[in-house]
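These notes are about the structure you will find just below.
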Ligand code: GUN
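Numbering (the numbering used here), first residue to last: 123 to 415.
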């Protein structure tokens with residue numbers, strides 16, 4: 123039987139509609155229009171595309187966007203100066219530094235300089251720590267999007283086996299924490315994991331975030347599992363492929379996300395939501411909604 127497709131387009135549109143409605147509510151209450159500032163250093167083509175996508179999402183949600191494009195030769199000190207100016211500007215509610223940064227800039231030093239209350243990526247040590255300990259935080263957008271996609275299947279995660287393949291700070295680790303918050307039994311696999319296929323086959327929910335096209339094949343999937351494909355790999359033919367071999371996986375899984383049209387769209391939508399949440403918090407408004415999963 124062929125898996126049901128979890129449609130990122132439909133779910134992302136819902137999240138963006140919720141964000142747009144919250145923007146209108148803030149405006150009606152006399153609060154500032156949410157504003158996202160993006161710092162983009164250098165000419166990385168994929169980053170240019172991502173940032174244009176963020177600009178268009180902001181426009182669609184009624185969020186103001188400011189994109190600061192800096193040359194590849196920008197020094198770390200210059201970038202930190204620009205960041206400090208945005209941090210001090212009360213009209214800017216969210217700050218995102220597009221990654222990767224040029225090699226001469228230390229991403230950890232730059233991320234640590236983002237004020238946690240404006241850290242809509244959820245990458246700062248304060249937000250990462252609060253996610254770990256269960257405090258108030260901004261949840262990184264990709265894992266937040268993954269959880270929303272899993273929730274759309276109606277699966278109750280409590281007591282289920284969840285396997286995350288990949289242990290990055292941006293996706294794998296926070297995804298594992300969010301699944302744990304939902305009372306799943308979580309296994310995190312990585313490049314040194316032995317018996318990976320067998321572990322994956324036990325998963326009721328499988329999150330693939332390895333960065334290798336077609337790495338997870340149908341024979342590694344439990345029949346009926348929910349498969350979330352975080353990978354965005356561009357092949358030599360220019361086409362985007364996920365970390366999951368879609369053709370073989372969809373014959374076994376119960377639900378599966380496509381690439382493109384899956385997690386990537388949700389990441390962008392969750393960024394809009396986090397920006398609205400940042401603006402609301404900075405205006406002293408409680409939107410009364412948690413996006414922690
Ligand atoms: N580069 C690729 N994905 C992301 C993301 O989610 N946030 C930032 N800041 N940079 C990225």
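Ideal Cβ placement from N, Cα and C applies to all residues, glycine included. Since the model is a prediction, treat every value here as computed from it, not as a measurement.
Short Cβ contact (8 Å threshold) for residue i with residue j
i           : j           : result
residue 329 : residue 297 : yes
residue 308 : residue 302 : yes
residue 148 : residue 401 : yes
residue 234 : residue 284 : no
residue 142 : residue 213 : no
residue 194 : residue 224 : yes
residue 280 : residue 304 : yes
residue 351 : residue 319 : no
residue 300 : residue 265 : yes
residue 398 : residue 238 : no
residue 201 : residue 232 : yes
residue 358 : residue 291 : no
residue 128 : residue 343 : no
residue 244 : residue 254 : no
Exposure label - residue i; buried when at least 16 CB within 10 Å
i           : result
residue 241 : buried
residue 278 : exposed
residue 365 : buried
residue 139 : exposed
residue 270 : buried
residue 215 : buried
residue 210 : exposed
residue 314 : exposed
residue 205 : buried
residue 408 : exposed
Cβ shell of residue i (< 6 Å), same chain only, five flanking positions each side left out
i           : result
residue 396 : 242 and 260
residue 196 : 163
residue 263 : 389, 392 and 393
residue 382 : 362
residue 217 : 159, 208, 236 and 240
residue 345 : 374
residue 367 : 336 and 339
residue 184 : 142 and 145
residue 267 : 385, 388, 389 and 392
residue 414 : Residue confidence is low: residue 414 scores 41 on pLDDT, short of 50, so the model does not pin down where it sits. No coordinate-derived value is stated.
residue 186 : 155 and 157
residue 137 : 391 and 395
Start and end residues, beta strand (DSSP E) containing residue i
i           : result
residue 187 : 186-192
residue 263 : Segment 263-273 is the alpha helix (DSSP H) holding residue 263; no beta strand (DSSP E) there.
Residues sharing a beta bridge with residue i, DSSP
i           : result
residue 330 : 287 and 351
residue 241 : 217
residue 157 : 186
residue 162 : 191
residue 126 : 377
residue 366 : 338
residue 356 : 362
Other residues of its chain near residue i: CB distance less than 7 Å, five sequence neighbours each side excluded
i           : result
residue 387 : 130, 131 and 134
residue 173 : 160, 162, 189 and 220
residue 150 : none
residue 222 : 166
Close-in-space but distant-in-sequence residues of the same chain around residue i (CB under 8 Å, 5 per side omitted)
i           : result
residue 376 : 125, 126, 275, 345, 346, 347 and 348
residue 333 : 288, 353, 355 and 365
Limits of the alpha helix (DSSP H) - the one that residue i falls within
i           : result
residue 398 : 385-404
residue 322 : 318-323
residue 308 : First-last for residue 308: 307-311, but that is the beta strand (DSSP E), not the alpha helix (DSSP H).
residue 255 : 247-255
residue 229 : 229-234
residue 382 : It is not in any alpha helix (DSSP H) - residue 382 carries neither H nor E in the DSSP assignment.
residue 344 : Taken as a continuous stretch (DSSP letters only), residue 344 belongs to no alpha helix (DSSP H), as it is neither H nor E.
residue 303 : 294-303
residue 207 : 198-210
Ligand 3 heavy atom lying under 7 Å from the CB of residue i
i           : result
residue 263 : Here the bound small molecules are ligand 1; ligand 3 is not part of this structure.
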